[in-house]
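Visitor: Chain order of the listed sequences is U and B.
Residue numbering for the first sequence follows the working numbering, starting at 1 and increasing by one per position.
Residue numbering for the second sequence follows the working numbering, starting at 211 and increasing by one per position.
Here a beta-carbon is modelled for each residue, glycine too, at the ideal position from N, C-alpha and C.
For clarity, every value in this text was computed on a predicted model and none was experimentally measured.
Encoded as C-alpha cells, here's the structure I'll be asking about.
Protein chains: 2
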Amino acid sequence: MPRQVDHDARRRQIAEAVWRLAARGGLEDVTLRQVAAEAGVSARLLQYYFGTRPQLLLGALEILNTEGEQRARQRIELLGDDPGTHAIVRGVLLELLPLDEERHDRHLVYVAYFVRFLSDPDLAPAARQAPPALENLVTGLLTHAQELGEVRPDVDAPAEAAYLVAGAEGLQSRMLLGQYTPEQAVALIDHQLARVFNAETGERPQPDSA
Amino acid sequence: MPRQVDHDARRRQIAEAVWRLAARGGLEDVTLRQVAAEAGVSARLLQYYFGTRPQLLLGALEILNTEGEQRARQRIELLGDDPGTHAIVRGVLLELLPLDEERHDRHLVYVAYFVRFLSDPDLAPAARQAPPALENLVTGLLTHAQELGEVRPDVDAPAEAAYLVAGAEGLQSRMLLGQYTPEQAVALIDHQLARVFNAETGERPQPDSA
DNA sequence: CGGTTTATGGTTCGATCGAACCATAACACG
DNA sequence: CGTGTTATGGTTCGATCGAACCATAAACCG
Chain U
1 MPRQVDHDAR RRQIAEAVWR LAARGGLEDV TLRQVAAEAG VSARLLQYYF
51 GTRPQLLLGA LEILNTEGEQ RARQRIELLG DDPGTHAIVR GVLLELLPLD
101 EERHDRHLVY VAYFVRFLSD PDLAPAARQA PPALENLVTG LLTHAQELGE
151 VRPDVDAPAE AAYLVAGAEG LQSRMLLGQY TPEQAVALID HQLARVFNAE
201 TGERPQPDSA
Chain B
211 MPRQVDHDAR RRQIAEAVWR LAARGGLEDV TLRQVAAEAG VSARLLQYYF
261 GTRPQLLLGA LEILNTEGEQ RARQRIELLG DDPGTHAIVR GVLLELLPLD
311 EERHDRHLVY VAYFVRFLSD PDLAPAARQA PPALENLVTG LLTHAQELGE
361 VRPDVDAPAE AAYLVAGAEG LQSRMLLGQY TPEQAVALID HQLARVFNAE
411 TGERPQPDSA
C-alpha cells in the first residue's frame, strides 16, 4: 500500500514546517497560512491531514516525539555492542543536548510547547512521559554499574541520576541561549560522570555520534 | 510627585495581567484585548502605558526582571548576617525553583518568552544576562568557601558551580511539570551541596523563606 | 467503462487582532 | 478662574486568523 507512505510523508512534511515555525517565533507564529506557505502546500491540505489547528499542533508534536525517540535509540545503538554502562549513561545524557541542528530544533520546539503542556489536557500526556522515563533509565543504569563495581556503593544512585538528568536539561537551555559551546557542555557532563563512575571504567571521550 | 507612583503602579498592574496570561496559554494568549480584560482596564490604556504590543511584551518582561531580582535579594538577606557560604549558595539555587506561587509564575513566564529570546533582538538582552551572572556568583562563593576550608581543594569550583546551577534549572522545569514536589527538589539540591561542602559546615535544612 | 473514494486547490465568512483615532474627565498651575 | 497637560474610555479600520465550503483531478475498484 503505497498510499500509507504518501500519507505519512505528507504529514511529516507539514509537521516539519510546524517545527521550523515554532522553533523560530514560537507557537503564535504557527498559523495555518504560515504553515501552508512554509510547507509549500495549500492551507486546505492542513485541514485534510490534521483537521483543526489544535489537532495540527498535537499531531506535529507526536511526530516529533516518535522521531526523536527513534533517533535517540539509533545513536545509542551506534555505540556498538556492550559499550559499557558509563558510555551508555553518557549517551543518554548527551541526547538531551542540542549537539546538532536536529536536536537543537527539537528541543526548541519542546520549549515552545512547554507552557501549553501545563494547561492543555490534550498536549500534556505527550510531554509528561519522557523525562521521568529518562531518569528511571539512568537510575537503573547506575544501579547496574554499582553491582558491577563500576560505581562506588556509597553513591545514592537515584539522587545522582536525578541530578545528572536535571543538569543535562539545564545545560540544554543554556546551550540554546548560546551560553555554552557543545564542548563546554559535554565537558561538564563528563566531569560529573568521572566523579560518579570509577575512573578506570570511563571510555575515552569519543565524539558524539552524529 | 505622587504621579510617578500611580504611573508605575498602573504599569505594574498591566504587567501582572501579561504575566498571568503568558503563564497560562503562552504568549499567543497575550492579546491586547485579553490583557485589558485581565487587568480590568480599557485597551486604550495599554497603548498609553506601553505603546505597541512588542513594547508591552518587553516592558512586562523588564518589570518582571527587576521585581524578581529584588525578591531574590530580599530572600537572601533574610538568611541573617553571615549565614555561611553553604547557606548562601543554597539560597541562590533555591531561588531558581518555583517554591511559591510568585516564583512559579515568574519561571513560567520566562519559559513562555524563551523562544522569542533567541530571535527577537529587543528581548534577547533581558534574558541572556541573568544565567551567567548566577553561575559566576556561585563560582565565586565556592572558591571563597574553598579558601575558608569549607570545600575541599580538589573540587573544580567552576565546573561544580556550573552543574549546580544547571541542575537547579533542570529541576525547575520538572517542578513546573509537576514531576517533583518542592521537598524532593530541595532534597536533591541539598544532596549535591552536602557532597560539595564539607559536612560540618552545612546548615540544618531550614525551610525556604517565603 | 463508470462510479466511488482519495487527494488537492481555491474562496469565502465571521471573529478577532493590533493600532490609530476621537472624545473628555480630572487635576495642576498660573 | 481658566487653560493645558495627564489620564482614561470608546470606536473604528484594515489585516489576518481559523475554519467551512465548493470544486475537481487523479486513482482505484467492480
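Kindly indicate which residue of 16(U), 93(U), 157(U) and 9(U) has the alpha-carbon position closest to the one of residue 182(U).
Guide: Taking only the C-alpha atoms, the option nearest residue 182(U) is 93(U).
Visitor: Could you check whether residue 253(B) and residue 227(B) sit closer than 8 Å to each other, using their CB atoms as the reference points?
Guide: No, they are not a contact pair.
Visitor: Can you find the residues in the same chain that come closer than 7 Å, C-beta to C-beta, to residue 168(U), ignoring five residues on each side of it along the sequence?
Guide: Excluding sequence neighbours, residue 168(U) sits near 93, 96, 97 and 189.
Visitor: How would you call residue 329(B), buried or exposed, if buried means at least 16 neighbouring beta carbons within 10 angstroms?
Guide: By the neighbour-count rule (16 or more Cβ atoms within 10 Å), residue 329(B) is not buried but exposed.
Visitor: Is the separation between the beta-carbon of residue 161(U) and that of residue 148(U) shorter than 8 Å?
Guide: No, they are not a contact pair.
Visitor: Below 7 Å on C-beta distance, what does residue 401(B) contact in chain U?
Guide: Neighbours of residue 401(B) on chain U, chain order: 156 and 159.
Visitor: Taking the C-alpha atoms as reference points, what is the distance between residue 33(U) and residue 19(U)?
Guide: So the two alpha carbons sit approximately 14 Å from each other.
Visitor: For residue 407(B), list the residues DSSP reports as bridge partners.
Guide: In DSSP, residue 407(B) forms a bridge with 361(B).
Visitor: In whole angstroms, what separates the C-alpha of residue 297(B) from that of residue 340(B)?
Guide: Those two C-alpha atoms are separated by around 21 Å.
Visitor: What residues of chain U sit near residue 238(B), judged by a beta carbon separation below 9 Å?
Guide: Within chain U, the residues near residue 238(B) are 26, 27, 28, 29 and 30.
Visitor: Who are the neighbours of residue 421(B) on chain U, taking C-beta pairs under 7 Å?
Guide: Outside the modelled stretch of chain B, which goes from 211 to 420, sits residue 421(B), for which no answer is possible.
Visitor: Tell me whether residue 26(U) sits in a helix, a strand or coil according to DSSP, three-state version.
Guide: In this structure, residue 26(U) counts as coil in the three-state DSSP scheme.
Visitor: Tell me the rounded alpha-carbon separation between residue 116(U) and residue 134(U).
Guide: Distance between the alpha carbons of residue 116(U) and residue 134(U) is about 21 Å.
Visitor: Going by beta carbon distance, what residues of the same chain come within less than 6 Å of residue 342(B), once the five residues before and after it are set aside?
Guide: Once the five neighbours on either side are set aside, residue 342(B) has no close Cβ partner at all.
Visitor: Can you check whether the CB of residue 113(U) is closer than 8 Å to the CB of residue 61(U)?
Guide: Yes. Within cutoff.
Visitor: What's the call for residue 15(U), buried or exposed, on a 16-neighbour Cβ count within 10 Å?
Guide: When all chains shown are included, residue 15(U) counts as buried.
Visitor: Please classify residue 227(U) as buried or exposed, where buried requires at least 16 neighbouring CB atoms within 10 angstroms.
Guide: Given a span of 1 to 210 for chain U in the structure shown, any question on residue 227(U) remains unanswerable.
Visitor: Measure from the C-beta of residue 179(U) to each C-beta in chain B and report whether the shortest distance is under 8 Å.
Guide: At least one chain B Cβ lies under 8 Å of residue 179(U).
Visitor: Thinking C-beta only, is residue 373(B) closer than 8 Å to residue 184(U)?
Guide: Result no, Cβ atoms of residue 184(U) and residue 373(B) do not sit closer than 8 Å.
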